[in-house]
Amino acid sequence: MADLQQNLMRLKTACKNPRSQLDYYLKQGKKVIGCFPAFTPEELVHSSGMIPMGLWGGQIEPKLAKSYLPAFACPIMQANMEFGLRGTYKGLSAVIIPALCDTLRCMTQNWRFGVTDIPMIPIVYPQNRESIASTNYLISEFEIALAMLATITGQMMNEKALSDTILIYNEHNTIMREFVKVANEHLDIITPSVRHEVMKSSFFFEKAEHTTIVKDIIAGLKKIPAYKYTGKKVILTGIACEPNVLLNILQKNDVAVVGDDLVHESQQFRTDIPETGGGALKRLALQWSNRYGCSLIHELGKKRGKLLIDICKSNNANGVINCLMKFCDPEEYDQPYLERALREVNIPVTTIAIDQQCTSVEQFHTRIQGFCELL
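Everything in the sequence shown is counted per our numbering, starting at 2 for the first residue and increasing by one.
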């Protein structure tokens with residue numbers, strides 16, 4: 002068993018160079034499917050005998066992508082399109098794109114005509130999730146995706162394979178939720194960037210493999226006496242909080258991340274797939290109905306503010322940082338609701354603009370310094 006620092010470094014390396022992880026699986030003769038954000042059903046890929054790998058953008062100056070996307074498009078999508086056009090994703094057998102927002106809907110067609118050497122599999126999620134018809138519709142979308150995946154593997158996924166995969170993914174969810182709790186006892190080791198890397202790295206490993214590594218990390222942390230942290234504690238919310246330099250600024254200002262509501266992080270393992278309720282494909286579809294508190298998911302009443310209040314209270318956080326993805330309409334619609342809910346109970350909140358391509362972070366640094374004075 003690798004020691005704590007070795008495991009943390011392994012996950013950090015995967016986040017810094019996902020391409021090496023892709024090559025690692027390709028050299029084993031495995032097929033890899035790229036999964037666009039957010040909530041792509043990785044389980045369909047895994048149960049088909051392939052490796053799902055998250056595509057969450059990165060730091061690259063969009064040039065070729067400008068022919069397909071406007072300058073005000075989501076930074077993650079701009080980066081993904083640029084990587085695709087430059088051949089960075091060469092080796093992927095296909096990509097799955099969930100149409101959850103206007104930009105993602107456009108991406109399905111942009112990718113199809115721009116990156117012709119990597120097939121695209123679209124999935125349209127229903128937003129009227131309370132209707133029984135929406136579950137049946139989503140099952141049909143999954144079946145179409147499976148048929149397209151079968152053209153890559155040469156065989157159709159079966160019920161047992163998906164049932165086994167569901168157990169693997171639910172176990173991973175459980176272990177990640179445990180990590181979040183244990184991490185808060187060791188904020189000297191699990192800095193904001195380290196916490197982020199443990200979660201982000203799950204997009205680049207086969208899930209059972211990542212579960213094993215995180216189990217070792219938890220075991221290593223439990224062997225160390227709890228650390229009494231005296232700095233400020235915050236909760237992050239939004240789509241993602243990158244690049245890492247932003248998280249490093251939090252650490253420099255003696256601010257720890259003790260919880261999050263990021264799609265890129267905790268939201269990916271917050272909702273388990275039901276153990277009962279029908280066949281494996283139906284239960285996978287029911288997971289979508291059970292998801293909550295996300296700007297990309299339609300909900301009456303906007304529960305995200307109440308959710309953040311509960312996360313703050315349960316983790317003794319001093320405030321909330323809303324990581325607003327640049328040009329993200331769903332996030333902008335949610336902002337006034339969540340900020341009002343937090344301020345009504347006197348929880349400090351500030352909003353920062355997230356752009357993976359940012360070259361200057363001084364404005365962010367100043368905002369964090371000012372926010373810390375309120376905590």
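Backbone N, C-alpha and C define an ideal beta-carbon position, used for all residues, glycine too.
Residue i, DSSP secondary structure in three states
| i | result |
| --- | --- |
| A148 | helix |
| C408 | Given that the chain is displayed from residue 2 to residue 376, the structure contains no residue 408 and the question cannot be resolved. |
| P193 | helix |
| E99 | Sequence inspection shows Pro at residue 99; the Glu mentioned does not correspond to that position. The answer is strand: DSSP assigns P99 an E or B state. |
| G260 | strand |
| A55 | Here residue 55 is Gly; the residue named in the question, Ala, does not match the sequence. DSSP places G55 in strand when its eight states are reduced to three. |
| P331 | helix |
| I369 | helix |
| V350 | strand |
| I322 | strand |
| Y61 | In the sequence on display, residue 61 carries Ile and not Tyr. I61: coil per DSSP, three-state reduction. |
Burial state of residue i (16 or more Cβ within 10 Å)
| i | result |
| --- | --- |
| R130 | buried |
| E198 | buried |
| I225 | exposed |
| T367 | exposed |
| Y69 | buried |
| F73 | exposed |
| S21 | exposed |
| R178 | exposed |
| M1 | What is shown of the chain runs 2 to 376, which leaves residue 1 out entirely. |
| D261 | buried |
| D356 | buried |
| R344 | exposed |
| F114 | exposed |
| P76 | buried |
| E266 | buried |
| A148 | exposed |
| G30 | exposed |
| L286 | The amino acid occupying residue 286 in the given sequence is Ala; Leu does not appear at that position. It counts as buried. |
C-alpha gap between residue i and residue j, whole angstroms
| i | j | result |
| --- | --- | --- |
| S361 | N81 | 21 Å |
| K327 | H299 | 20 Å |
| T89 | M121 | 16 Å |
| K314 | L376 | 14 Å |
| K208 | L23 | 14 Å |
| Q288 | D273 | 7 Å |
| E340 | L9 | 34 Å |
| N245 | S194 | 6 Å |
| Q370 | H187 | 23 Å |
| N291 | Y126 | 13 Å |
| L168 | I218 | 21 Å |
| L1 | R196 | Because the chain is modelled from 2 through 376, residue 1 falls outside the range shown and cannot be assessed. |
| A15 | L5 | 16 Å |
| K32 | L150 | 11 Å |
| A227 | K201 | 24 Å |
| G279 | S135 | 15 Å |
| A100 | V183 | 35 Å |
| S48 | F40 | 16 Å |
| Q336 | E142 | 31 Å |
| C373 | N254 | 8 Å |
| A241 | W57 | 9 Å |
| L301 | Y334 | 13 Å |
| G155 | S132 | 34 Å |
| L12 | Y25 | 14 Å |
| T175 | G85 | 33 Å |
| A354 | E160 | 43 Å |
| I348 | P123 | 40 Å |
| C1 | F205 | Only positions 2 to 376 of the chain appear in the structure, and residue 1 is not among them; the question remains open. |
| K17 | N185 | 24 Å |
| Q7 | K216 | 13 Å |
Residue i versus the options, residue with shortest Cα-Cα distance
| i | options | result |
| --- | --- | --- |
| S164 | G239, W57 and L45 | L45 |
| L309 | G280, Q268, P331 and T277 | Q268 |
| K64 | P337, M78 and F37 | M78 |
| H173 | V350, K307 and F270 | F270 |
| C359 | C295, E62, L251 and C16 | E62 |
| K234 | A241, V258 and I97 | V258 |
| I145 | A318, L282 and T166 | L282 |
| E332 | C102, E160, Q60 and N111 | C102 |
| C36 | A95, Y170, E83 and G30 | A95 |
| T351 | Q364, E363 and G320 | G320 |
| P42 | R284, L263 and C107 | R284 |
| R87 | W112, N347, R106 and I97 | W112 |
| L248 | T192, L222 and I34 | T192 |
| L27 | I52, N137, N18 and K17 | I52 |
| L297 | Y170, L325 and G50 | L325 |
query: Taking only runs of the beta strand (DSSP E) that begin and end inside the segment 17-52, which ones reach a length of at least 3 residues, in chain order?
result: 33-36
- request: Counting only runs of 3+ residues fully inside the segment 226-303, write out the beta strand (DSSP E) ranges in chain order.
  value: 233-239 and 256-263
- prompt: Which whole runs of the alpha helix (DSSP H) in the segment 98-139 are 4 residues long or more, in chain order?
  reply: 103-115
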